[in-house]
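If you're matching positions, the sequence shown starts at 160 in the working numbering and goes up one per residue.
Only one structure is covered here, and it is reproduced in the block below.
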Amino acid sequence: MSDVTTAPEVAAVDIEEPDEVSADQSEPDAPELPEIEVDAGPEPRPYPAPDARPKNLGPGAPKVTFAPEALYQTCAYLDGGPNDLVDHHNLVVMVDGYLLLPWCPEFGFGGGLTFFDISKPCEPVAVGIGESMLMRETHSVGFYAGIGETKGTGLWAVVNGLELTEPGIEFWDISDPTAPKSIGLMKLPDAFYPDAYARVSLSVFWQGPYVYVAGADNGVYIVDATDPGKPVLAARYQLSPVLRVGQIHAIGNMLIITAAEGPRAVLLDISDPTAPQPIPGGDFEAKDAGGEPRDAYFTNMHGSHLYFVRKEDGGGVIVYDIADPSAPAWLGEVTSNGNGGYVFVH
């Protein structure tokens with residue numbers, strides 16, 4: 160009888176089916192963390208509230224209604240004072256509620272700043288006159304209310320200056336509009352008069368604490384005027400090819416310079432205020448509707464628009480949009496008879 164080996168009995172095992180796998184394979188929700196407040200400190204240069212500015216000293220712009228037949232009619236003239244003999248005026252500007260008229264001939268030898276109350280526009284009243292023998296024909300005025308230790312201690316202005324054959328920029332204390340006074344002339348290196356276009360200061364722009372000076376063929380002078388009584392030349396910038404710098408504006412991190420009696424404009428990055436850098440695409444010529452470059456006698460800024468006043472071959476204004484400084488865009492033009500001079504937008 161053969162031996163038969165039988166397999167041992169195996170105990171039954173209950174195998175559970177796996178749970179159904181969820182289709183949502185996302186990570187589980189992270190636990191909520193408490194909010195952490197970070198104190199970044201005060202804004203370095205916050206905008207003041209609309210009502211935070213002190214009230215103007217003067218009455219401000221006129222609030223007068225004219226009859227239709229009186230519109231566009233001359234009702235008053237402005238004169239700087241008894242010594243404003245040649246009536247050489249280039250601009251007026253509102254400052255602290257008064258109208259400021261700089262006056263001085265191109266050759267200097269006597270000029271000044273006169274403040275007017277124009278609340279009655281047909282009866283302007285001179286409230287303050289300051290005179291100086293160190294002033295020169297003025298195409299622009301820069302203003303400064305102080306920074307650091309000088310903040311809130313006064314109000315200052317800067318204009319073109321000249322002593323005999325040595326041009327520069329002249330600083331004024333205009334804290335009291337009834338008694339404006341010159342506080343000194345800063346002569347500029349390599350500047351020379353009587354050539355009124357080649358090596359003189361043609362305009363200024365004060366973006367505190369730096370004064371940017373349009374130095375014609377000498378390029379741009381950058382003056383640290385933190386203390387307006389002790390200005391210091393911080394840097395110079397020369398363009399290649401040479402640009403006869405006529406008008407200059409510093410707006411935030413951009414410096415806009417344009418030629419005197421030429422079509423060229425150059426936009427510079429002044430993130431470092433004393434080391435301007437070219438902006439690619441920001442060197443261009445003003446052109447008319449037909450695409451022809453047109454010399455501009457002078458220019459001005461309003462918003463993102465750069466206005467060129469045609470010098471000859473008919474007057475008028477050519478407008479460019481420089482909101483994108485790397486791609487200045489032609490917007491339009493208005494032509495007129497005669498030749499252009501200066502342009503202001505209010």
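For each residue, glycine too, the CB sits at the ideal point set by N, CA and C.
Check: Coil, strand or helix - Ala229 by DSSP; Outcome: helix
Check: Uninterrupted beta strand (DSSP E) stretches inside the region 336-396 (no shorter than 3 residues); Outcome: 340-346, 362-366, 369-373, 379-383, 391-396
Check: Endpoints, beta strand (DSSP E) assigned at Met413; Outcome: 413-418
Check: Euclidean distance between Cα positions of Pro209 and Lys222; Outcome: 21 Å
Check: Whole-angstrom distance between Gly267 and Val493, CA atom to CA atom; Outcome: 34 Å
Check: Endpoints, the beta strand (DSSP E) within which Ala285 is located; Outcome: 284-291
Check: Residue environment, His461, which counts as buried when at least 16 other CB atoms sit within 10 Å; Outcome: exposed
Check: Rounded straight-line distance, which links the Cα of Ala448 to that of Ala316; Outcome: 38 Å
Check: Any C-beta of chain E under 8 Å from that of Tyr231; Outcome: Absent here is chain E; the protein component of the structure consists of one chain.
Check: Secondary structure of Gly421, DSSP reduced to three states; Outcome: strand
Check: Per DSSP, cross-strand counterpart(s) of Thr494; Outcome: Gly475
Check: Residue interval of the beta strand (DSSP E) (run including Tyr257); Outcome: 257-262
Check: Reduced DSSP category for Gly270 - H, G, I as helix; E, B as strand; rest coil; Outcome: strand
Check: Complete runs of the alpha helix (DSSP H) confined to the region 429-460 [at least 4 residues]; Outcome: none
Check: Three-state secondary structure assigned by DSSP to Glu322; Outcome: strand
Check: Range covered by the beta strand (DSSP E) that runs through Val527; Outcome: Residue coverage of the chain in this structure runs from 160 to 505, which leaves residue 527 outside it and unanswerable.
Check: Proximal residues to Ser360 (C-beta, below 8 Å), its chain only, five neighbours per side dropped; Outcome: Arg295, Asn319, Gly320, Pro326, Gly327, Ile328, Leu347, Ala350, Val372, Ala373, Gly374, Ala375, Tyr380
Check: Sequence-distant residues of the same chain with beta carbon closer than 6 Å to Phe467, five excluded per side; Outcome: Ala445, Ala455, Thr458, Ile477
Check: Nearest to Gly307 (by Cα), restricted to the options Val251, Val382, Pro387; Outcome: Pro387
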